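Sequential numbering from 22 applies to the sequence shown in the UniProt record's numbering. Heads up, the beta-carbon is just placed ideally off N, CA and C, and yes, glycines get one too. Keep in mind it's a predicted model, so treat the numbers as computed, not measured. Read through the structure below, which is laid out as structure tokens, and then see the notes.
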Amino acid sequence: NNGDEKIDYVYKVVVIGDSAVGKTQVLSRFARNEFCFDSKSTIGVEFQTKTLSIKSKVVKAQIWDTAGQERYRAVTSAYYRGALGAMLVYDITKRKTFDNVARWLEELRVHADNSVVIALIGNKADLEDKREVPSEDAMEFAENQNLYFSETSAFTGDNVEAAFVKLLEEIYAVV
Ligand code: GDP
Ligand code: MG
């Protein structure tokens with residue numbers, strides 16, 4: 022915990038995407054380096070914070086997690102309010118969650134600021150044998166839409182921190 026450190030910036034980031042893609046686990050891996058095997062679909066906190074050094078500034082990332090309302094497409098505009106960045110997560114083992122990425126981009130277009138920085142995250146990369154979304158498809162889509170892209174595993178921790186750092190660095194560059 023860096024509670025005594027001087028904070029230069031607080032960046033709000035929202036995590037969105039279909040239910041069960043691993044949003045909550047990606048966040049808890051990043052914020053607490055934990056993976057919880059019996060995680061329920063809901064954890065009762067609105068956001069978690071992590072303070073880290075970005076381009077030699079002290080940045081407090083305030084990362085918002087849904088409480089299951091994405092299941093009903095009922096994420097409110099309050100959730101998006103003031104967000105500088107968005108982690109749009111799909112599950113590489115569920116094609117449908119990738120097909121729905123376009124809907125989430127539309128949600129962002131409606132509710133979030135125009136300048137919101139978006140990272141497309143293909144999670145559950147540890148489940149290669151169950152893969153339904155080729156990396157190339159996602160990479161091409163991300164390129165066309167001007168999004169950052171990486172594949173992560175909340176389970177092993179692969180790329181999770183790197184993906185958040187990349188997003189925070191880009192926010193730093195644009196704000
Ligand atoms: P959310 O609804 O998007 O918040 O999804 P959760 O974080 O609750 O995760 C849904 C399920 O996927 C849980 O059973 C997790 O244990 C599992 N899960 C999440 N991330 C990963 C991952 O990277 N790899 C694997 N193998 N399972 C994951
Ligand atoms: Mg969740």
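- Remark: the C-beta of LYS145 is outside contact range of the ligand MG, defined as less than 6 Å to any heavy atom.
- Only residues of its own chain outside the window of five on either side were considered, and among them LYS44, LEU48, ASP86 and MET108 have a CB closer than 6 Å to the CB of VAL36, listed in chain order.
- The shortest C-alpha to C-alpha distance from GLU153 to any of PHE170, ASP112 and ALA163 is the one to ASP112.
- For the pair PHE170 and SER74, the Cα-to-Cα distance works out to about 22 Å.
- It is roughly 25 Å from the alpha-carbon of LEU105 to the alpha-carbon of LYS145.
- In terms of side-chain proximity, the C-beta atom of THR173 is found no nearer than 6 Å to any non-hydrogen atom of the ligand MG.
- Within 6 Å of the C-beta of GLY43 there is at least one heavy atom belonging to the ligand GDP.
- For SER40, the CB falls within less than 6 Å of some heavy atom of the ligand GDP.
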